[in-house]
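Going by my numbering, the first residue of the sequence shown is number -18, and it counts up by one from there.
Here a beta-carbon is modelled for each residue, glycine too, at the ideal position from N, C-alpha and C.
Because the structure is a prediction, the values reported are computed rather than measured.
Beneath this line is the structure, given in structure tokens, with notes to follow.
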Amino acid sequence: MMQKYFSEFKIETTIAIIIVGTIFFSILLNWFLKRFIKKSLINHHRDLTGYLFLKHILTALVYAIGFAFALVQIPEFKIVGHSLLAGAGVISLIAGLASQQALSNIMSGILIVVFKPFRINDKITLRGSFTGTVEDINLRQVVIRDFENNRIIIPNSVISSDLIVNAHIGEEKCCKLIDIGIGYSSNIERALDIMKEEVGNHPLHIDNRTTEDIENNVPLVIARVTALGDSDVNLRVWAWAKDSSDGYVLYCDLLQSIKNRFDNEGIEIPFPQRTITYSKNNENN
């Protein structure tokens, strides 16, 4: 009786030590990897995507090995534990225990890291409505921080098959199209000049012309009439910024400054108007 009790106590103690050791080693590994990422990558402005994903994989692997060692201590589960430690049948065991969706998320996460449609700190837009900065890519999901500091959690299998607009692939320069309609009685040439002046004077606007464009006297800012609408003349000016963040500020500032200039110089921006007529019967009532 005492021998059985001592044997069970020994098994429970060993399992507890393994669990504590696994947690401690996982914390130590995460601390080391974060320190390595900060010193070797962030300070040198390198891509973090693959390293952060590797950190998640190593952490999961540590817990899997710790779980396997814990199983080995229980006689009834020795076969499963040895299979995990030896690596035999790992894939079939995971497939049996995990759902198809979980496996799809893991595989999609690996493909995202390998082919890099987006990376950590990239600004992306999903489905034309969700825009934010990629904060993390782990084994299950992608975490995006929007402009209101909310976190958008998207499963890897969903985002890998979705339409994504990435503002950081290739050139980071951003072109903002500013469309404004003016009245038919307004001076079109003066309106175009105002739009070009406001764009050219903004501190965030950059010169996107090539050397050949400059030699051919291509203007710094281009503005054109794009359409003749039912009630207005549509004007467009092209404004360039060094990245999408500056582009958003540039766009908002120019809307305000162009509107103020139009008001000061008597250029009308039409807006819908309604005329209401009252009949005499309604007046008598």
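Legend entry - Three-way DSSP call (helix, strand, coil) for N215 in this model: Three-state result, N215: strand.
Inset, instruction - Name the residue from H37, D103, P253 whose alpha carbon lies nearest to the alpha carbon of T268. - result: Since the first residue of the chain shown is -18 and the last is 266, residue 268 is not available in this structure.
Inset, instruction - Enumerate, from N- to C-terminal direction, the unbroken alpha helix (DSSP H) stretches of 4 or more residues contained entirely within the region 109 to 152. - result: 137 to 140, all fully within the region 109 to 152.
Inset, instruction - Within its chain, find whatever has a CB closer than 8 angstroms to the CB of H270; leave out the 5 residues flanking it on each side and keep chain order. - result: Limits of the chain in this structure are -18 at one end and 266 at the other, which puts residue 270 out of reach.
Legend entry - Buried or exposed by the 16-neighbour rule on C-beta atoms within 10 Å, applied to V1: Counting other Cβ atoms within 10 Å of its Cβ, V1 stays below 16 and is therefore classed as exposed.
Legend entry - Beta carbon of R126 nearer than 8 angstroms to that of E116: R126 places its beta carbon less than 8 angstroms from that of E116.
Inset, instruction - Would you mind reading off the limits of the beta strand (DSSP E) that contains G162? - result: Counting along the chain, the beta strand (DSSP E) containing G162 begins and ends at 155 to 163.
Inset, instruction - With DSSP as the reference, label T(-5) as helix, strand or coil. - result: Of the three classes helix, strand and coil, the one that applies to T(-5) here is helix, per DSSP.
Inset, instruction - Determine the direct distance from the alpha carbon of A51 to that of A(-3), and round the result to whole angstroms. - result: Rounded to whole angstroms, the separation of the alpha carbons of A51 and A(-3) is 8 angstroms.
Legend entry - Cα-Cα separation between L120 and V94, rounded to whole angstroms: Each residue's Cα considered, the two are about 10 angstroms apart.
Inset, instruction - Can you grab the Cα-Cα spacing for the pair L84 / N137, in whole Å? - result: Cα-Cα distance, rounded: 10 angstroms.
Inset, instruction - Within its chain, find whatever has a CB closer than 6 angstroms to the CB of I87; leave out the 5 residues flanking it on each side and keep chain order. - result: Only L120 meet the Cβ criterion.
Inset, instruction - To the nearest angstrom, report how far apart S90 and N197 are at their CA atoms. - result: Correcting the residue identity first, residue 90 is Gly in this sequence and not Ser. C-alpha separation (whole angstroms): 48 angstroms.
Legend entry - With 16 other Cβ atoms within 10 Å as the buried cut-off, status of C155: Under this definition C155 is a buried residue.
Legend entry - Secondary structure of V206, DSSP reduced to three states: Correct three-state label for V206: strand.
Legend entry - Contact with chain C by L201, beta-carbon distance below 8 angstroms: Here there is only one protein chain, and chain C is not present.
Inset, instruction - Output the distance between the C-alpha atoms of H183 and P251, rounded to the nearest integer angstrom. - result: Straight-line spacing of the CA atoms in H183 and P251 works out to 25 angstroms.
Legend entry - Counted within 10 angstroms of its Cβ, other Cβ atoms place S141 as buried (16 or more) or exposed: By the neighbour-count criterion, in which 16 or more other beta carbons inside 10 Å mark a residue as buried, S141 falls on the buried side.
Legend entry - Proximal residues to G247 (C-beta, below 6 angstroms), its chain only, five neighbours per side dropped: Same-chain partners within the cutoff: there are none.
Inset, instruction - Whole angstroms is fine: what's the gap from F5's alpha carbon to D234's? - result: Roughly 52 angstroms separates the two Cα atoms.
Inset, instruction - Select from P200, E249, G228, I118 the residue whose C-alpha is nearest the C-alpha of D213. - result: Closest in C-alpha terms to D213, from the list P200, E249, G228, I118, comes E249.
Legend entry - Local Cβ density within 10 Å of I257, reported as buried at 16 or more and exposed below that: So I257 counts as exposed.
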